[in-house]
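A.B. asks: Residue numbers (this note's numbering): 134 to 728.
For glycine and all other residues, C-beta sits at the position ideal for the given N, C-alpha and C.
Below is a structure I'd like to ask you about.
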């Protein structure tokens with residue numbers, strides 16, 4: 134009995150138990166009502182997107198505004214760590230790791246399929262006919278919109294908050310601490326804090342399970358396209374069991390070197406696949422398209438970022454934009470924690486610019502290579518669509534590779550990339566979820582890590598199997614539904630961070646180089662010591678102050694450095710007769726982390 138208690142030591146029961154019960158209840162519900170699950174998921178998806186879809190669109194754009202404010206205001210000068218800390222990783226390594234965070238099963242799954250979908254079936258609200266030049270341009274704009282600044286601004290909110298609270302304020306690495314400046318420490322350490330982490334755990338489980346589900350669908354479709362396997366439910370279960378088993382073994386052994394090595398190989402394989410398509414495909418066309426796609430995205434962004442399509446009845450926004458924003462929010466604790474852990478020592482400005490721009494540019498190149506290649510192939514040969522002119526999201530990548538040399542080899546390479554992403558996502562995802570359920574503790578029990586790895590596989594399997602032919606809808610609905618409560622937490626986190634940043638700006642010292650002597654007259658000669666007073670009664674130099682005030686640290690030219698705090702006008706009382714200034718204590722900024 135004692136050994137069992139030791140095995141689970143460190144697990145925070147007020148988070149672990151409720152989160153597990155909610156997830157298991159959702160699994161049981163899906164299994165019990167599996168006969169009508171497909172229709173139920175479809176109706177639930179419609180209800181959520183019609184009812185709160187506008188909220189997802191509004192807050193996702195709000196997160197972009199929050200991120201840009203952090204870049205262009207004085208907030209950007211705050212360092213994620215001590216004032217004298219330097220970045221833990223060099224810029225090239227940091228960008229490479231951000232790239233690895235941005236790469237995932239979704240990019241492989243949607244690389245060809247999404248632009249092709251938007252080309253054939255453009256949104257009704259756009260007013261562009263399908264399968265036209267205008268539809269092709271719009272298709273790439275919409276794809277980059279879904280995978281660009283909005284997606285990474287969502288990650289910025291969580292990643293920035295975690296890095297700030299952990300490395301600058303020395304709090305545990307957990308979602309609940311993002312709201313401490315707003316709610317206070319007592320509430321954060323109580324039931325409210327537990328509830329915040331429960332929401333984060335549940336949302337993350339279903340967000341990662343959605344990605345795993347996409348991966349299983351594409352692996353199965355790849356083997357079927359090659360004519361090697363006829364997928365069925367048992368094949369899906371076996372595939373999930375094998376990959377989850379590999380991830381579980383990795384979690385138990387904790388072979389961090391092996392995981393890093395595996396991740397680096399995976400990045401190399403993905404980059405090799407993209408380079409293969411670029412060089413053996415229409416290279417010049419793709420390079421021209423990349424430049425145009427970036428410009429088209431920048432031009433279309435103001436029109437797209439608040440489009441809710443209230444008059445459209447095609448359901449496009451719910452199936453695409455709203456799903457993506459919810460999917461990114463459910464992934465935010467996972468990706469946010471990762472980018473926080475690799476960003477210690479950077480300023481907020483460096484952090485936000487790097488997280489927003491680097492993955493967006495890399496993603497634009499990836500979708501240009503695969504998406505525009507698919508569009509060109511469809512326009513020239515017309516063989517990228519399935520029966521009835523529909524797009525088979527699972528097989529479009531393999532159809533594209535089939536038109537290039539060594540198609541079987543590259544198809545196997547694509548399957549290998551998805552499998553590796555599957556393993557690393559399940560492995561690292563279970564570790565992050567375990568951290569969240571353990572109150573931010575980085576060293577967690579092996580048994581709890583194993584539990585979450587297995588549960589991720591079970592959730593992915595259940596969503597795929599009970600969804601039936603509508604499994605894609607089931608996966609999308611799971612993300613949209615579980616992300617809703619976490620989106621509220623993210624909005625509160627923005628308010629909370631702004632409150633903390635405001636105090637930091639009010640109390641942060643500004644360093645000035647001050648002279649103890651009169652200024653030069655411009656000829657190199659120094660006039661007699663001056664005690665000239667400005668209208669408000671403030672000395673132009675510190676020459677009139679006693680040595681004890683000035684200090685004895687001035688250099689040979691009579692200069693030394695002082696730290697000052699900038700005060701707002703309302704914080705200073707000026708005597709109208711003497712001009713004497715006094716600081717009003719009533720205007721003193723209060724530390725939200727001490728309230």
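(1) Identify which residue in 376, 262 and 527 has its Cα closest to the Cα of residue 358.
(2) Measuring alpha carbon to alpha carbon, tell me which residue in 713, 324, 266 and 622 is nearest residue 311.
(3) Can you tell me which of 162, 180, 289 and 327 puts its alpha carbon nearest to the alpha carbon of residue 467?
(4) Quick one: Cα of residue 182 to Cα of residue 612, how far?
(5) Should residue 476 be labelled buried (16 or more other beta-carbon atoms within 10 Å of its own) or exposed?
(6) Per DSSP, which residues does residue 488 bridge with? Please list them.
(7) Within 10 Å of its beta-carbon, does residue 356 have 16 or more other beta-carbons around it, so buried, or fewer, so exposed?
(8) Would you mind giving the Cβ-Cβ distance between residue 462 and residue 287, rounded to the nearest angstrom? I have them listed as a contact below 8 Å.
(9) Go to residue 808, then tell me how far its alpha helix (DSSP H) extends in each direction, as first and last residue.
(10) Within its chain, find whatever has a CB closer than 7 Å to the CB of residue 499; leave out the 5 residues flanking it on each side and keep chain order.
(11) Given this structure, state the Cα-to-Cα distance separating residue 327 from residue 333, to the nearest angstrom.
(12) Using C-beta distances below 6 Å, list every residue in its chain close to residue 548, excluding the 5 sequence neighbours before and after it, in chain order.
(13) Using 8 Å as the Cβ pair cut-off and three pairs as the minimum, do the region 561-577 and the region 422-431 touch?
(14) DSSP has residue 480 in a bridge; who is on the other side?
(15) With DSSP as the reference, label residue 107 as helix, strand or coil.
(16) Does the Cβ of residue 284 have 16 or more other Cβ atoms within 10 Å, making it buried, or fewer, making it exposed?
(17) Indicate whether residue 550 and residue 403 have their beta-carbon atoms separated by less than 7 Å.
(18) Would you call residue 593 buried or exposed, if buried means 16 or more other Cβ atoms sit within 10 Å of its Cβ?
(19) Over the uninterrupted alpha helix (DSSP H) stretch that includes residue 332, give me the two end residues.
(20) Tell me the rounded alpha-carbon separation between residue 574 and residue 615.
(21) Using only alpha-carbon positions, find the residue among 531, 442 and 491 that is nearest to residue 185.
(22) Which residue comes first and which comes last in the alpha helix (DSSP H) that contains residue 300?
(23) Helix, strand or coil for residue 291 per DSSP?
(24) Can you tell me whether DSSP reads residue 155 as helix, strand or coil?
(25) Need the endpoints of the alpha helix (DSSP H) that residue 258 sits in, please.
(26) With distance defined between alpha-carbon atoms, name the residue in 489, 644, 158 and 638 nearest to residue 723.
(27) Looking at the structure shown, is residue 306 part of a helix, part of a strand, or coil, going by DSSP?
(28) Which of the three DSSP states is assigned to residue 697 in this structure?
(29) Could you name the residues of the same chain whose beta carbon sits closer than 6 Å to that of residue 346, not counting the 5 residues immediately before and after it, in chain order?
(30) State the start and end residues of the unbroken alpha helix (DSSP H) segment that holds residue 713.
(31) Kindly give me the distance between the Cβ atoms of residue 410 and residue 537, rounded to whole angstroms, as I take these residues to be in contact under 8 Å.
(32) For the putative contact between residue 577 and residue 177, defined by C-beta atoms under 8 Å, what is the C-beta separation to the nearest angstrom?
(33) How do the region 295-303 and the region 211-221 stand: do at least 3 beta-carbon pairs fall below 8 Å, yes or no?
(34) Ignoring anything shorter than 3 residues, give me the beta strand (DSSP E) runs that lie fully in the region 529-574, in order along the chain.
(35) In the DSSP assignment, find the unbroken alpha helix (DSSP H) run with residue 428 in it and report its ends.
(36) Distance cutoff 7 Å, beta carbons only. Does residue 317 sit that close to anything in chain D?
C.D. replies: According to the structure data:
(1) Ranking 376, 262 and 527 by Cα distance to residue 358 puts 527 first.
(2) Minimum Cα distance to residue 311 is reached at 622.
(3) The option with the nearest alpha carbon to residue 467 is 289.
(4) Rounded to the nearest angstrom, the two C-alpha atoms are 12 Å apart.
(5) Only buried fits residue 476, as 16 or more other CB atoms lie within 10 angstroms of its CB.
(6) DSSP output for residue 488 lists no bridge partner at all.
(7) Counting Cβ neighbours within 10 Å, residue 356 comes out buried, since at least 16 surround it.
(8) With a contact defined as Cβ atoms closer than 8 Å, residue 462 and residue 287 qualify at about 6 Å.
(9) With the chain covering 134 to 728 only, the question about residue 808 has no answer from this structure.
(10) Hits under 7 Å: 240, 244 and 407.
(11) In this structure, the straight-line span from the alpha carbon of residue 327 to that of residue 333 is close to 10 Å.
(12) Shown here for residue 548: same chain residues with a beta carbon closer than 6 Å to its own, the five before and five after excluded, namely 352 and 355 in chain order.
(13) The region 561-577 is not in contact with the region 422-431.
(14) Within the DSSP secondary-structure output, residue 480 pairs in a beta bridge with 212.
(15) Outside the modelled stretch of the chain, which goes from 134 to 728, sits residue 107, for which no answer is possible.
(16) Buried.
(17) When the beta-carbon positions are compared, residue 550 and residue 403 come within less than 7 Å of each other.
(18) Residue 593 is classed as buried because its beta carbon has at least 16 other beta carbons within 10 Å across all chains shown.
(19) Counting along the chain, the alpha helix (DSSP H) containing residue 332 begins and ends at 324-358.
(20) Each residue's Cα considered, the two are about 24 Å apart.
(21) Residue 442 holds the alpha-carbon nearest to the alpha-carbon of residue 185 among 531, 442 and 491.
(22) Counting along the chain, no alpha helix (DSSP H) covers residue 300, and no H or E run does either.
(23) In the structure shown, the three-state DSSP call for residue 291 is helix.
(24) Helix.
(25) No alpha helix (DSSP H) holds residue 258; DSSP gives it neither H nor E.
(26) Checked all of 489, 644, 158 and 638; the closest Cα to residue 723 is 638.
(27) Here residue 306 sits in coil by DSSP.
(28) Residue 697: strand per DSSP, three-state reduction.
(29) The beta carbon of residue 346 lies closer than 6 Å to those of 593, 596, 597 and 608 in the same chain, with the five residues before and after it left out.
(30) Per DSSP, residue 713 belongs to no alpha helix (DSSP H) and is neither H nor E.
(31) Right, their Cβ atoms sit about 7 Å apart.
(32) That pair is no contact at about 33 Å.
(33) With the rule of 3 Cβ pairs closer than 8 Å, the region 295-303 counts as touching the region 211-221.
(34) Secondary structure in the region 529-574: no beta strand (DSSP E) run of 3 residues or longer lies completely within the stretch.
(35) That run of the alpha helix (DSSP H) goes 416-437.
(36) Within the model displayed, chain D is absent; a lone protein chain is all it includes.
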